[in-house]
Every structure is written in C-alpha cells, then in structure tokens.
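Q: So that we are looking at the same thing, I have put the structure below in structure tokens.
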Amino acid sequence: MPAPKSPEFRRRAVELARLREKPIAQIAKDLGIAESGLRRWMKQADIDDGVQDGLTSDERAELVQLRRDKRVLEMEIEILKRASAYFARENVLPK
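In our numbering, each residue carries its 1-based index in the sequence shown increased by 512.
Put into structure tokens, the structure is as follows:
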C-alpha cells in the first residue's frame, strides 16, 4: 500500500483537476496516484467547501475519535463488571 499523501499534495492535485486543462485520468497518472483516489479527493473537497452534502473531513475525524472513545469505555465497563462479580463472589462464600 502506498504511503498516504500530504494534505498540501491533495489540495494541489484537486486544484489541478478542477482547472480541467487535462483529463483527470492524465493528471492522476502524472502525479502517480490512482484516478479513483483523485476523484475521491475532489468529492471530499466539494463536501468540505460546502458545495456537496456529506460529512466534512473534520466531522469524519471527530466520528472516528468518538467511536474509538466509545470502544475504550465499553472495555472499561466490561472490566468493572467482571471485577465486581469477582469481589461479590468472594464476599458470599463462607469462611
């Protein structure tokens, strides 16, 4: 898998594609990226600019972070449930 391109590279590639001086396929080939990737970057740029409906890059990043935090909290709750069950069982048994 190729290394991710920098945001500046992506912005510049989208600018070149929007100029329509060359076909998108040719621009992608010249830049050494996939045509589908360039089209995806263009679509995301349209969403970020408010031209098209959808999740902006910031909203997408926030959603990823919230899902990650939720997963951590669910694991913490599971650990606490197991610990409370363990200690409850320990206190019930005769000594």
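We put the CB at the ideal spot given by N, CA and C, even for glycine.
DSSP state of V584, grouped into three classes?
A: For the purposes of this step, residue 584 is taken as the residue at position 72 of the sequence shown. In this structure, V584 counts as helix in the three-state DSSP scheme.
Q: How many whole angstroms separate the CB atoms of S569 and D560, which I take to be in contact at a CB cut-off of 8 Å?
A: As a first step, residue 569 must be located in the sequence shown, where it is residue number 57. As a first step, residue 560 must be located in the sequence shown, where it is residue number 48. That belief holds up - the Cβ atoms of S569 and D560 are roughly 6 Å apart, short of 8 Å.
Q: By the DSSP assignment, the alpha helix (DSSP H) with V563 in it spans what residues?
A: Counting from one through the sequence shown, the residue named residue 563 turns up at place 51. It is not in any alpha helix (DSSP H) - V563 carries neither H nor E in the DSSP assignment.
Q: Say whether the segment 536 to 554 touches the segment 572 to 582, bearing in mind that this needs 3 or more beta-carbon pairs closer than 8 Å, one atom from each stretch.
A: Cβ pair count under 8 Å is below three, so no.
Q: Could you give the residue range of the alpha helix (DSSP H) that holds V527?
A: One-based indexing of the sequence shown puts residue 527 at position 15. Strictly speaking, residue 527 in this sequence is Glu, with Val absent from that position. P519 to L531 is the extent of the alpha helix (DSSP H) around E527.
Q: Which of the three DSSP states is assigned to M513 in this structure?
A: Along the sequence shown, one-based indexing puts residue 513 at 1. Three-state result, M513: coil.
Q: From which residue to which residue does the alpha helix (DSSP H) around I545 run?
A: As a working mapping, residue 545 is identified with position 33 in the sequence shown. No alpha helix (DSSP H) holds I545; DSSP gives it neither H nor E.
Q: When the distance is taken between beta carbons, is L528 closer than 7 Å to I545?
A: Within the sequence shown, the letter at position 33 stands for residue 545. Within the sequence shown, the letter at position 16 stands for residue 528. No, the pair does not count as a contact, with Cβ atoms beyond the cut-off.
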